[in-house]
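Asker: Taking the working numbering, the leading residue of the sequence shown gets -6, the next gets one more, and so forth.
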Amino acid sequence: MSASAAALGSAVATDMLGIAAKKSAAARHDADRWKAIVEAE
-6 MSASAAALGS AVATDMLGIA AKKSAAARHD ADRWKAIVEA E
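1. In whole angstroms, what is the alpha-carbon distance linking residue -3 and residue 29?
2. How many Å lie between residue 33 and residue 23 at the Cα?
3. For the alpha helix (DSSP H) that residue 17 lies in, which residues bound it at each end?
4. Please work out which residues of its chain come closer than 8 angstroms, Cβ to Cβ, to residue -5, disregarding the five sequence neighbours upstream and downstream, and give them in chain order.
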């Protein structure tokens, strides 16, 4: 594997981790919001 291919693979993996982190943060935020709505009723 060439150095540029390794760098590209690393960048893609980092990007996927970043996307996964954003998704889990958004899911946690949604869960908190639903919990607040349910408790308010």
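Here a beta-carbon is modelled for each residue, glycine too, at the ideal position from N, C-alpha and C.
Note that the structure is predicted; figures quoted are calculated from it, not measured.
Answerer: With the structure as the only source:
1. 48 angstroms
2. Residue 33 and residue 23: Cα-Cα distance of roughly 15 angstroms.
3. -4 to 33
4. none
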